[in-house]
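Residue numbers (the working numbering): 2 to 172. Backbone N, C-alpha and C define an ideal beta-carbon position, used for all residues, glycine too. Computed from a prediction, not measured in an experiment: that's the story for all the values here.
Below, the structure written as structure tokens:
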């Protein structure tokens with residue numbers, strides 16, 4: 002399981018999440034929630050979800066750019082370490098988690114550079130070798146634009162830019 006306090010996708014250092022999910026069967030994702038000490042919205046933040054509403058099916062975007070996140074099946078509000086949080090049941094389905102409307106991705110797709118920031122704690126289940134996705138975005142429905150998660154015993158970040166791969170310094 003994973004306990005996210007916040008996650009960032011930004012043109013600067015900030016805090017946001019596009020999707021919180023856990024693909025490992027039998028695990029869950031529990032947010033810590035921002036509670037009494039909410040994170041400030043830093044200029045350039047594309048989205049900031051505190052996951053501390055505690056009720057309903059929507060996680061508000063404190064930045065007001067990407068829009069609210071919708072809690073999908075398998076997501077429940079729980080008490081976090083501080084304030085409220087979300088728990089995402091892991092049944093191997095990518096549809097479990099918190100997602101944004103596809104129109105919100107226009108901002109992310111047009112980023113020339115950015116930051117993904119994550120505060121959290123991974124809680125190991127009985128299947129340590131499985132892949133646990135913290136956030137992901139598909140470019141065209143089948144090609145992954147970015148992936149941030151845990152693979153086996155290591156943290157993994159993959160970022161793909163449309164077009165052919167380029168070496169640093171080349172055009």
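{"Item": "Give me, in chain order, the residues of the same chain whose beta-carbon lies closer than 6 Å to that of residue 55; leave out the 5 immediate sequence neighbours on both sides.", "Value": "78, 85"}
{"Item": "Kindly indicate which residue of 44, 69, 51 has the alpha-carbon position closest to the one of residue 82.", "Value": "51"}
{"Item": "Look up residue 62 in the DSSP assignment and say whether it is helix, strand or coil.", "Value": "strand"}
{"Item": "Buried or exposed: which applies to residue 69, given that a residue is buried once 16 or more other Cβ atoms fall within 10 Å of its Cβ?", "Value": "buried"}
{"Item": "Measuring alpha carbon to alpha carbon, tell me which of 46, 72, 66 ends up nearest residue 53.", "Value": "72"}
{"Item": "Would residue 63 and residue 49 be called neighbours here (beta carbons separated by less than 7 Å)?", "Value": "yes"}
{"Item": "Is it buried or exposed, residue 67, if we count other Cβ atoms within 10 angstroms and call 16 or more buried?", "Value": "buried"}
{"Item": "Need the endpoints of the beta strand (DSSP E) that residue 80 sits in, please.", "Value": "76-80"}
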